[in-house]
Amino acid sequence: MSYFSNHSSSSRFTQSPRVSSSKHFSTSTVSKEKSPSPNGSLSIHPLKNTWVFWFRQQRAPGNKITNYEEGIKKISAFSSVESFWSLWTHLSPPSALQPTTDYLLFHQGIRRPVWEDPLNITGGKWIIRLKKGVADRIWEDLVIAIIGDQFDDCRSPAEGDVSGNWEDSSDSGADLPEICGCTISVRQSEDIVSLWNRVDGDIKVRERIRDTIRKVLHLPPATIMEYKSNNDSMQDNSSFRNSAIDRTPMSAS
1 MSYFSNHSSS SRFTQSPRVS SSKHFSTSTV SKEKSPSPNG SLSIHPLKNT
51 WVFWFRQQRA PGNKITNYEE GIKKISAFSS VESFWSLWTH LSPPSALQPT
101 TDYLLFHQGI RRPVWEDPLN ITGGKWIIRL KKGVADRIWE DLVIAIIGDQ
151 FDDCRSPAEG DVSGNWEDSS DSGADLPEIC GCTISVRQSE DIVSLWNRVD
201 GDIKVRERIR DTIRKVLHLP PATIMEYKSN NDSMQDNSSF RNSAIDRTPM
251 SAS
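Counting in the UniProt record's numbering, the final residue of the sequence shown is number 253, and the numbers go up one at a time with none missing.
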């Protein structure tokens, strides 16, 4: 069975069992086991950025549809390998969530994970539609790739090293990382993952992000990806409708 709900049926690969993966971390030590430091205390392996998990359920008890922003609830922030794993092991996987439920992971500098946030409004998102039952591995690999800085090389070379944080969002944007966050939307007939980037207008950066997604998720060559700017989402009030289909062949490298 193919993973994807909108690509050629001839493209197939075997589903991997859901095991915690750490291959994407840029830090040298990624084990969930805390290793003793020379003075005997437990060492912490900090991430480059602080990230926040959010949760959204479209339908409240009684099946009442809630306002999008009202339905978003903050789960917790984390800033180290250890605090990530501590949180991750207590989160239900996407396969255990009810339809119309979302997980959202965003940089701490983003006050609310919505299109209109000042750090999201000029950006957009890459979208992949998944068949039911395969989202757990894809979601875990995407999250780990993002917090492990696997998308850092996607920035425009002119931006240089953007290791600063987003706590002060009053600057020009030169010190902001390109990846804002990612989401998984559990729906009745499919699951949808999306990766949000900061600048919609830089086509080359968008293409590098697309290619990195394909690499870290080990996507089949025929996988169809979609892109939609947050401005377009605000215009038609939808994250996924009327998105642009990308059929660029995967490179052989």
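For glycine and all other residues, C-beta sits at the position ideal for the given N, C-alpha and C.
Owing to the predicted nature of the structure, the values given are computational and were not obtained by experimental measurement.
- Ranked by how close their Cα comes to the Cα of T89, the residues M225, E140 and I179 have E140 in first place.
- Listed in chain order, the non-local C-beta contacts of R112 below 8 Å within the same chain comprise E69 and I72, local neighbours out to five positions each way being set aside.
- For D102, no alpha helix (DSSP H) segment is defined; the enclosing uninterrupted segment is the beta strand (DSSP E) at T101 to H107.
- When the five nearest sequence neighbours on each side are left out, the beta carbons in the same chain lying within less than 7 Å of the beta carbon of T212 are those of Q150, F151 and C154, in order along the chain.
- Taking the C-beta atoms as reference points, F84 is found nearer than 8 Å to I147.
- Between G181 and I121 the beta-carbon gap is near 14 Å, outside 8 Å, which marks them as no contact.
- P46 is bridged by DSSP to S80.
- Judged by DSSP secondary structure, E178 falls outside any beta strand (DSSP E); it is assigned neither H nor E.
- DSSP places K125 within a strand segment (E or B) once states are collapsed to three.
- Taking the Cα of I224 as reference, the smallest distance to any Cα among W126, S76, W54 and L104 is reached at W126.
- E178 counts as buried, since at least 16 other C-beta atoms from the protein chains shown sit within 10 angstroms of its C-beta.
- W51 places its beta carbon less than 8 Å from that of Q108.
- Bridge partners of W196 according to DSSP: K125 and G181.
- Relative to the Cα of V193, the nearest Cα in the group Q57, R206, F240 and Q98 belongs to F240.
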